[in-house]
Amino acid sequence: MLSYKDILYSFTKELGNNFNEDIFVEGYNIQDNKKSCFFVQILPEVAQTATKKTDIKSFLVDIKYLPDWKKKKTDLFDILNKLENIFTRNIKVKDRYLTFSKKNGSIEKDEIGNYVQFLISINYHEQIYFEEEKHELMEELNMRFKERKK
């Protein structure tokens, strides 16, 4: 069973292998950061029942690149292209590969300035483990048959 922490770790590891910027996953107090940085979060969505023992889990991975004040908007297109090249079809998490169902990259603007937002939607099947009930086996069965009258 995959945890959201495992998934988050795989995404931040991939970013760390390809970028030199700091990567934040907790707290959105990164506005105090003077350098360019990434903020990564997982947004769980609906879990649906697929079969008796499997669920379909859905979630969004939200990757934001917040540039320092020296970066131009055109530099953000390079970051966006690089993210699209890094996260092409799937990502390895533990012993599984999660396939991306949708990707959406954009350059957004807020009160501080421009930033890159890269959203990845993932749906995957997860096996549900139930604790099986233990029952004692029947040792003997006494049966009595009655004759039917005609």
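The sequence shown begins at 61 in the numbering used here and counts up by one. All C-beta atoms, glycine included, are put in the ideal place defined by N, C-alpha and C. Since the structure is predicted, the reported quantities are computational estimates derived from the model, not experimental observations.
For residue i, tell me which candidate among the options has the shortest Cα-Cα distance.
{"i": "residue 133", "options": "107, 174, 109 and 120", "result": "174"}
{"i": "residue 142", "options": "111, 166 and 171", "result": "166"}
{"i": "residue 135", "options": "112, 209, 176 and 181", "result": "176"}
{"i": "residue 183", "options": "72, 73, 140 and 162", "result": "162"}
If you drop the 5 nearest sequence neighbours on each side, which residues of the same chain put their C-beta closer than 6 Å to that of residue i?
{"i": "residue 98", "result": "75, 81, 83 and 125"}
{"i": "residue 164", "result": "179"}
{"i": "residue 181", "result": "120, 161 and 162"}
Assign residue i to buried or exposed, taking buried as 16 or more other Cβ atoms, counted over all protein chains shown, within 10 Å of its Cβ.
{"i": "residue 190", "result": "exposed"}
{"i": "residue 121", "result": "buried"}
{"i": "residue 211", "result": "The requested residue 211 does not occur in the structure, where the chain is confined to residues 61 to 210."}
Are the beta-carbon atoms of residue i and residue j separated by less than 8 Å?
{"i": "residue 109", "j": "residue 185", "result": "no"}
{"i": "residue 119", "j": "residue 146", "result": "no"}
Strictly by DSSP, which residues pair up with residue i?
{"i": "residue 195", "result": "Note: residue 195 sits in no beta bridge, so no partner."}
{"i": "residue 83", "result": "98"}
Within a Cβ cutoff of 7 Å, which residues of the same chain sit near residue i, ignoring the five residues on either side of it in sequence?
{"i": "residue 153", "result": "62, 66, 67 and 70"}
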